[in-house]
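Right, one structure below, let's go through it.
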Amino acid sequence: MSFSLTGLYRYPVKSLHGESLKAMDVDVRGPLRDRHWMLVTPEGRFLTQRELPRMALVQPKIVDDGLLLHAPGMFDLEVAAESDEELQVQVWRDTCAARVMSPAADQWLSDFLGVSARLVYLPPESMRQVDPAYAQPGDQTGFSDGFPFLLISQASLDDLNRRMGLNLPMERFRPNLVVDGCEPYAEDGWKRIRIGELSFRVVKPCSRCVIPTVNPETGEREGNEPLKTLMTYRKEGNNVYFGQNLIHDGPGHLQTGITVEVLE
């Protein structure tokens, strides 16, 4: 079976506004510079839209080795790594060594979000191993929740929107890969796929939190959809699932329009 790759997304800073791409390089951690940066509390704990939905309004753009930050009502700030300060940071149960970007970025983000925040990045020497319950030794990710790629089929979103009577965009669900041409939720049954020159292991369904209830254009929560509808037919135990987490087998290049082949 084969389908088409119709969407590519990257999120340079964890839980900030993402970007849609036509082409994407993939390195050992996943999409190049995806979740390469992250906002943390002064103590190093990760911050997300779960507690700060306004994070969706901050638009980072990668420039050289740094970022250009844009947000409503704020001056644009270009920030590069200016500090050698190391900070132990926490993403769920994982801890790893990060580097602080700059006091100017910390102040800018704290002012916009209304909380004390620091901007950190994951240097090349820091390795964040993917959960060994699902991964092989050496499989890495950046500051993602746990896996280097999230895949959702367009048919799955279309079916969900039909059930809700809404037209939520794919951006609500923050995938990296969007596939078209398959049946709704066909991705649930895949074990291995190939997209162009890259092969992937489909390792775990994605358990959804409240972030899809946040409108990425307003930075506000809008009721309890899509979770309310997902709970009626996608709930297992205490979790609601939508999309599949993937681990890639090596570096390469992706672009929209190429073939997605189901191997297993």
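Heads up: take any position in the sequence shown, counting from 1, add 3, and you land on the numbering used here. We treat Cβ as the ideally placed atom computed from N, Cα and C, and that holds for glycine. These figures come from a predicted structure and were not determined experimentally.
Check                                                                                                                                                      : Outcome
Given that a residue counts as buried once 16 or more other Cβ atoms are within 10 Å of its Cβ, and exposed if not, what is residue 33?                    : buried
Smallest Cα separation from residue 67: which of 59, 61, 54 and 81?                                                                                        : 81
Are the Cβ atoms of residue 163 and residue 232 separated by less than 8 Å?                                                                                : yes
Relative to the C-alpha of residue 135, which candidate in 128, 38, 150 and 86 has its C-alpha closest?                                                    : 150
Which residue comes first and which comes last in the alpha helix (DSSP H) that contains residue 258?                                                      : Where residue 258 is concerned, there is no enclosing alpha helix (DSSP H), although the beta strand (DSSP E) it sits in stretches over 255-258.
Would you mind reading off the limits of the beta strand (DSSP E) that contains residue 203?                                                               : 201-210
In or out: residue 267 buried (at least 16 other Cβ within 10 Å) or exposed?                                                                               : exposed
Can you give me the Cβ contacts of residue 45 inside the same chain, cut-off strictly under 7 Å, excluding the 5 residues immediately before and after it? : 119 and 121
May I ask which residues mark the beginning and end of the alpha helix (DSSP H) holding residue 64?                                                        : Taken as a continuous stretch (DSSP letters only), residue 64 belongs to no alpha helix (DSSP H), being part of the beta strand (DSSP E) at 62-66.
If you follow the alpha helix (DSSP H) that residue 162 is part of, which residue opens it and which one closes it?                                        : 157-167
Give the DSSP-derived three-state secondary structure of residue 231 in the structure shown.                                                               : helix
Output the distance between the C-alpha atoms of residue 1 and residue 90, rounded to the nearest integer angstrom.                                        : Missing from the structure shown is residue 1; the chain here goes from 4 to 267 and no further.
Kindly indicate which three-state DSSP category residue 189 falls into: helix, strand or coil?                                                             : helix
Would you be able to state if there are at least three C-beta pairs under 8 Å between the segment 199-211 and the segment 237-252?                         : yes
Buried or exposed: which applies to residue 246, given that a residue is buried once 16 or more other Cβ atoms fall within 10 Å of its Cβ?                 : buried
Taking just the CA atoms, how far does residue 115 sit from residue 261?                                                                                   : 39 Å
By Cβ distance below 6 Å, which residues in the same chain neighbour residue 111 in space, the five residues on each side in sequence not counted?         : 80
May I ask you to report which of helix, strand or coil DSSP gives residue 125?                                                                             : coil
For the alpha helix (DSSP H) that contains residue 110, what are its first and last residues?                                                              : 106-116
Does DSSP put residue 262 in a helix, in a strand, or in coil?                                                                                             : strand
Are the Cβ atoms of residue 55 and residue 63 separated by less than 8 Å?                                                                                  : no
Thinking C-beta only, is residue 7 closer than 8 Å to residue 183?                                                                                         : yes
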